[in-house]
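K.L.:
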Amino acid sequence: MPMTRKDKIALLRGVELFSDLGARALGVVADAAVEVSHRAGQYIVRQGQVGTGFYVVASGHVRVVRSGRLLERLGPGGFFGELSVIDQAPRAAHVIAEEATTCVALASWEFTRLLERHPKIALAVLRTVARRLRATTDHTRH
52 MPMTRKDKIA LLRGVELFSD LGARALGVVA DAAVEVSHRA GQYIVRQGQV GTGFYVVASG
112 HVRVVRSGRL LERLGPGGFF GELSVIDQAP RAAHVIAEEA TTCVALASWE FTRLLERHPK
172 IALAVLRTVA RRLRATTDHT RH
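Residue 184 in this note's numbering sits at position 133 of the sequence shown, with consecutive numbering throughout.
#1: Quick check: the segment 164 to 182 against the segment 68 to 83, are at least 3 beta-carbon pairs closer than 8 Å?
#2: Under 8 Å, do Leu126 and Val101 count as touching if we go by C-beta distance?
#3: Let me know the secondary structure DSSP gives Pro141 once reduced to three states.
#4: Tell me the DSSP bridge mates of Leu157?
#5: Give me the DSSP bridge partner(s) of His89.
#6: In terms of residue numbering, what span does the alpha helix (DSSP H) encompassing Leu122 cover?
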């Protein structure tokens, strides 16, 4: 059964990237998002390709693989693709469905439009990207 707007908002509320947003902003994101399904073994994004979408796992699990090395597994609420969509640089890793997986996705132009028109959404994304960058640089220094 397709996800409702309410389902999408509930999913997005639990995603770190959007956790600081209120109900109205979450609704704006949910309205722009589409549901996409992937079969087990299907590549959702490919390392080296320019990103055309941002994804949140709604059900199922994916693995993130860079140059043949498993980086992490993501389940419901996990997200990927934001960096490539923001900077239009090639994807840093493959993301592959481990089982039948449903994602809520934003096309790159929709993601950009949301950032341009909704400062609260842009700030929430910026804060999350900064936290991730800080955690990565702190980890490699210590």
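No residue lacks a Cβ here, since even glycine has one placed at the ideal position from N, Cα and C.
P.N.:
To lay it out plainly:
#1: With the cut-off at 8 Å, the segment 68 to 83 and the segment 164 to 182 touch.
#2: One detail in the question is off: residue 126 reads as Gly in this sequence, not Leu. No, the pair does not count as a contact, with Cβ atoms beyond the cut-off.
#3: Looking at Pro141 - three-state DSSP - the assignment turns out to be strand.
#4: For Leu157, which the question treats as bridged, DSSP gives the partners Phe105.
#5: BP columns for His89 point to Thr152.
#6: Unbroken run through Leu122 is the beta strand (DSSP E), Arg120 to Leu125; no alpha helix (DSSP H).
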